[in-house]
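Comments concern the structure below.
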Amino acid sequence: MSTVAIAPAPERPMPVPTRDSQPYWDGLREGKLMLQHCASCGKVRHYPRPVCPHCLSMESEFKAAPLTGKLHTWTVCHHPFNFFFKAEAPYIVALVDMDAGVRINAPLRGITEDALKIGLPLWLQFEPVSKEVTLPLFVAG
Amino acid sequence: MAHALRDKAAISGIGETAYTRGTAKSGLALQLEASLKAIEDAGLSPRDIDGVVPYFPGGGIAEDFIANLGLPDLTLSLFVPMGGATCVAAIQSAAMAVATGVCKNVLISVGRTGYSGARVSTRLQQFPQFALAAEFEAPIGMFAPAQLYAQGARRHMELYGTTPRHMAEVAVTTRRHAILNGNVVMNKPLTVEEHHASRMISDPFRLFDCSLESDGGAAIIVSAADRARDLRKPLVTVMGVAEGHPESPASIAQRPDLLDFGLVKAAQRGYAMAGVGPKDIDVAEVYDCFTFTVIRQLEILGFCKEGEGGPFVMEGRIGLGGALPINTHGGLLSQGHVVGLNHVIELTRQLRREAGKAQVEDAEVGLVTGYGDMGDGSLAILRRAA
Numbered sequence: 007m008s009t010v011a012i013a014p015a016p017e018r019p020m021p022v023p024t025r026d027s028q029p030y031w032d033g034l035r036e037g038k039l040m041l042q043h044c045a046s047c048g049k050v051r052h053y054p055r056p057v058c059p060h061c062l063s064m065e066s067e068f069k070a071a072p073l074t075g076k077l078h079t080w081t082v083c084h085h086p087f088n089f090f091f092k093a094e095a096p097y098i099v100a101l102v103d104m105d106a107g108v109r110i111n112a113p114l115r116g117i118t119e120d121a122l123k124i125g126l127p128l129w130l131q132f133e134p135v136s137k138e139v140t141l142p143l144f145v146a147g
Numbered sequence: 044m045a046h047a048l049r050d051k052a053a054i055s056g057i058g059e060t061a062y063t064r065g066t067a068k069s070g071l072a073l074q075l076e077a078s079l080k081a082i083e084d085a086g087l088s089p090r091d092i093d094g095v096v097p098y099f100p101g102g103g104i105a106e107d108f109i110a111n112l113g114l115p116d117l118t119l120s121l122f123v124p125m126g127g128a129t130c131v132a133a134i135q136s137a138a139m140a141v142a143t144g145v146c147k148n149v150l151i152s153v154g155r156t157g158y159s160g161a162r163v164s165t166r167l168q169q170f171p172q173f174a175l176a177a178e179f180e181a182p183i184g185m186f187a188p189a190q191l192y193a194q195g196a197r198r199h200m201e202l203y204g205t206t207p208r209h210m211a212e213v214a215v216t217t218r219r220h221a222i223l224n225g226n227v228v229m230n231k232p233l234t235v236e237e238h239h240a241s242r243m244i245s246d247p248f249r250l251f252d253c254s255l256e257s258d259g260g261a262a263i264i265v266s267a268a269d270r271a272r273d274l275r276k277p278l279v280t281v282m283g284v285a286e287g288h289p290e291s292p293a294s295i296a297q298r299p300d301l302l303d304f305g306l307v308k309a310a311q312r313g314y315a316m317a318g319v320g321p322k323d324i325d326v327a328e329v330y331d332c333f334t335f336t337v338i339r340q341l342e343i344l345g346f347c348k349e350g351e352g353g354p355f356v357m358e359g360r361i362g363l364g365g366a367l368p369i370n371t372h373g374g375l376l377s378q379g380h381v382v383g384l385n386h387v388i389e390l391t392r393q394l395r396r397e398a399g400k401a402q403v404e405d406a407e408v409g410l411v412t413g414y415g416d417m418g419d420g421s422l423a424i425l426r427r428a429a
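Respectively, the protein sequence lines represent chains A and B.
For the first sequence, the working numbering begins at 7 and goes up steadily by one.
For the second sequence, the working numbering begins at 44 and goes up steadily by one.
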């Protein structure tokens with residue numbers, strides 16, 4: 007076992023899509039919030055997974071969801087646990103109850119900490135960070 | 044009818060290394076050093092150990108214990124991958140093993156180079172339990188527990204009015220207890236003002252709301268209670284023990300109620316098995332990865348009502364001499380981070396009346412919790428046998 011401190015990589019940690027989650031990531035790249043719905047009972051689920059926990063169907067489809075939601079809670083990240091985020095800190099990460107019925111966690115820009123409160127209406131936007139990967143972010147109305 | 048496992052297992056041996064920030068030893072060496080001490084404390088020899096539950100991932104595996112300690116005939120090797128809920132949940136697995144006769148003496152152990160080796164955000168990359176966080180949250184700047192758990196703490200503050208002052212009280216009280224212990228990383232007094240002035244890590248968590256990244260090892264032996272009676276130390280039995288897994292166990296973000304920890308289920312089962320309630324608890328060692336995590340668990344454990352954990356910790360209630368002394372060893376916040384096995388060790392000491400300056404007078408029944416990964420929970424209720 008190593009006793010040498012391993013410095014975190016300075017590159018942004020990138021998602022490694024799985025066969026189950028690929029349509030979600032493809033959707034973000036195309037400027038859409040694609041959410042997985044059960045093809046049998048119709049319930050939405052996030053994060054993507056093979057089986058519907060409500061009816062156990064393994065058939066599903068991804069549908070574009072509205073980009074609106076309300077603030078559920080938040081944190082303000084000051085300490086950069088990954089060095090990549092050192093330049094961005096402090097940054098707000100909002101956990102949002104999407105009107106589509108799932109939650110999305112993403113950075114919230116263009117608003118100060120003291121304006122945050124549960125229920126605040128927010129909009130999802132898209133931030134391309136590489137040719138393949140686009141990440142979600144939130145802005146206030 | 045009494046639960047089939049009630050009082051069938053005992054914590055027969057405890058061992059820990061020095062808790063430090065900085066060591067030349069490997070995590071495995073720390074784990075084995077603590078294991079040898081626990082075996083010695085029980086009055087056993089390594090050849091008596093026939094079950095191992097090492098903390099995983101990270102540290103030794105069954106092969107290491109056989110190769111280093113010369114275990115002649117291991118009959119059980121288990122992992123309980125529940126992060127900080129592992130050590131207390133492992134007592135349930137060990138109790139099942141000794142009550143059924145599969146094992147006589149099970150060794151539960153942790154060795155960690157959390158300061159001198161890989162730090163928290165790097166170490167967690169190897170946890171399958173963090174796979175969803177790695178895919179969906181690390182890219183947007185959330186991965187460390189301080190960040191992932193902060194959103195739940197913020198929600199509690201907004202809903203119930205919990206304040207940084209309440210969180211500071213947990214940090215300051217725990218530090219006061221640590222100073223009495225001696226084998227601790229943080230041995231200087233901490234004031235509320237110093238807590239409030241410490242740097243922000245992930246709001247609302249400041250530095251002194253966060254547990255330590257430290258080096259150390261800890262181990263316990265779980266033996267069949269009828270056999271443990273003949274061992275060296277006063278008998279401490281497992282009255283109740285349970286693990287609990289929350290809804291949406293790998294993603295806090297998707298959990299309908301962020302404050303619904305696995306402990307909600309574990310506490311119900313653990314109390315029922317033990318046949319006791321919160322009023323019967325003399326001392327509690329509550330998993331303290333963050334100050335807020337203690338506040339919320341005190342609510343779940345029924346020591347106060349939902350949302351009243353903040354006010355509950357005030358006015359000396361959780362300090363030695365108070366109505367419910369907690370973390371009498373200094374916890375993960377001030378003693379050291381060995382994933383809460385130090386909490387089990389301290390509770391055993393309290394019930395043996397070996398806790399020195401931190402001894403809770405006439406401690407008969409105590410409780411210890413674990414909290415880990417994205418909110419897994421575990422609970423053990425131990426008692427000093429008559």
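Every residue gets a Cβ at the ideal spot worked out from N, C-alpha and C, and that includes glycine.
Predicted model, so just to flag it, every value in this text is computed and none were measured.
| Item | Value |
| --- | --- |
| Beta carbon proximity, Arg35 (chain A) to chain C, threshold 7 Å | In the structure shown, chain C cannot be found, because the protein chains are A and B. |
| Positions along the stretch 174 to 189 of chain B whose CB lies within less than 8 Å of some CB in chain A | Leu175, Ala177, Glu178, Phe179, Glu180, Ala181, Pro182, Ile183, Gly184, Met185, Phe186, Ala187, Ala189 |
| Strand pairing of Asp246 (chain B), partner residues [DSSP] | A:Val82 |
| Tyr414 (chain B): first and last residue of the uninterrupted beta strand (DSSP E) it sits in | 408 to 415 |
| Contact residues within the stretch 86 to 97 of chain A, judged by C-beta distance below 9 Å to chain B | Pro86, Phe87, Asn88, Phe90, Phe91, Glu94, Ala95, Pro96, Tyr97 |
| Span separating the alpha-carbon of Ile117 (chain A) from that of Gly125 (chain A) | 15 Å |
| Neighbourhood of Val213 (chain B) by C-beta distance below 6 Å, restricted to the same chain and skipping five residues each side | Thr334, Val337, Val356 |
| Delimiting residues of the alpha helix (DSSP H) encompassing Ile109 (chain B) | 105 to 112 |
| Proximal chain A residues relative to Ile244 (chain B), where beta-carbon distance stays under 7 Å | His84, His85 |
| Presumed contact (8 Å Cβ cut-off) between Ser241 (chain B) and His380 (chain B), rounded CB distance | Actually they are not in contact, since the Cβ atoms of Ser241 (chain B) and His380 (chain B) sit about 17 Å apart, beyond 8 Å. |
| Chain B within 7 Å of Arg109 (chain A), Cβ atoms only | yes |
| Close beta carbons around His60 (chain A), own chain, < 6 Å, minus the five adjacent residues each side | Cys47, Lys49 |
| Interface positions of the stretch 52 to 86 of chain A facing chain B (Cβ-Cβ less than 9 Å), listed along the chain | His52, Tyr53, His78, Thr79, Trp80, Thr81, Val82, Cys83, His84, His85, Pro86 |
| Same chain only: Cβ atoms within 6 Å of Asp258 (chain B), ignoring 5 sequence neighbours per side | Thr63, Thr66, Thr156, Tyr158, Ser159 |
| Beta-carbon proximity list for Ile104 (chain B), same chain, < 7 Å, skipping 5 on both sides | Pro97 |
| Other residues of its chain near Cys332 (chain B): CB distance less than 7 Å, five sequence neighbours each side excluded | Gly127, Pro188, Ser254, Leu375, Tyr414 |
| Residue nearest to Gln190 (chain B) in terms of C-alpha spacing, selected from A:Pro86, A:Thr74, A:Lys38 | A:Pro86 |
| DSSP three-state assignment for Ala174 (chain B), whether helix, strand or coil | helix |
| Counterpart residues of Gln42 (chain A) in DSSP-defined beta bridges | A:Arg51, A:Phe68 |
| Beta-ladder partner(s) of Val102 (chain A), from DSSP | A:Leu77, A:Ile110 |
| Residues within the stretch 196 to 224 of chain B neighbouring chain A, beta-carbon criterion of under 7 Å | Arg197, Arg198, Glu201 |
| Per-residue contacts from Arg18 (chain A) into chain B (C-beta, under 7 Å) | Pro182 |
| For Leu425 (chain B), three-class secondary structure by DSSP | strand |
| DSSP beta-bridge partners of Arg115 (chain A) | A:Val145 |
| From A:Gln131, A:Leu143, A:Lys76, residue whose alpha carbon lies closest to that of Asp103 (chain A) | A:Lys76 |
| Chain-ordered neighbours of Gly194 (chain B) on chain A, where CB pairs are closer than 7 Å | Residue identity check: residue 194 (chain B) is Gln in the sequence provided, not Gly. Simply Thr79, Trp80, Thr81, Leu101. |
| Coil, strand or helix - Ile264 (chain B) by DSSP | strand |
| Nearest neighbour of Gly37 (chain A), chosen from A:Phe90, A:Pro72, A:Phe132 [CA to CA] | A:Phe132 |
| Any chain A beta carbon closer than 7 Å to Ser164 (chain B) | yes |
| At least three beta-carbon pairs within less than 8 Å, the stretch 294 to 311 of chain B to the stretch 408 to 423 of chain B | yes |
| Which residues DSSP lists as bridging Asn148 (chain B), in chain order | B:Ser266 |
| Where Ser8 (chain A) falls: helix, strand or coil (DSSP) | Because Ser8 (chain A) carries a pLDDT of 49, less than 50, the predicted location of this residue cannot be relied on, and the following value inherits that uncertainty. Coil, per DSSP. |
| Cross-chain neighbours of Val22 (chain A) in chain B, by beta carbon under 9 Å | Ala177, Glu178 |
| Segment contact, 8 Å Cβ cut-off, at least three pairs: the stretch 336 to 355 of chain B with the stretch 381 to 394 of chain B | no |
| First through last residue of the alpha helix (DSSP H) which encompasses Val96 (chain B) | Run containing Val96 (chain B): none in the alpha helix (DSSP H); it sits in the beta strand (DSSP E), 94 to 97. |
| Candidates B:Ala309, B:Leu341, B:Gly113: closest to Arg324 (chain B) by CA position | Looking at the sequence provided, one finds Ile at residue 324 (chain B) rather than Arg. Ranking B:Ala309, B:Leu341, B:Gly113 by Cα distance to Ile324 (chain B) puts B:Leu341 first. |
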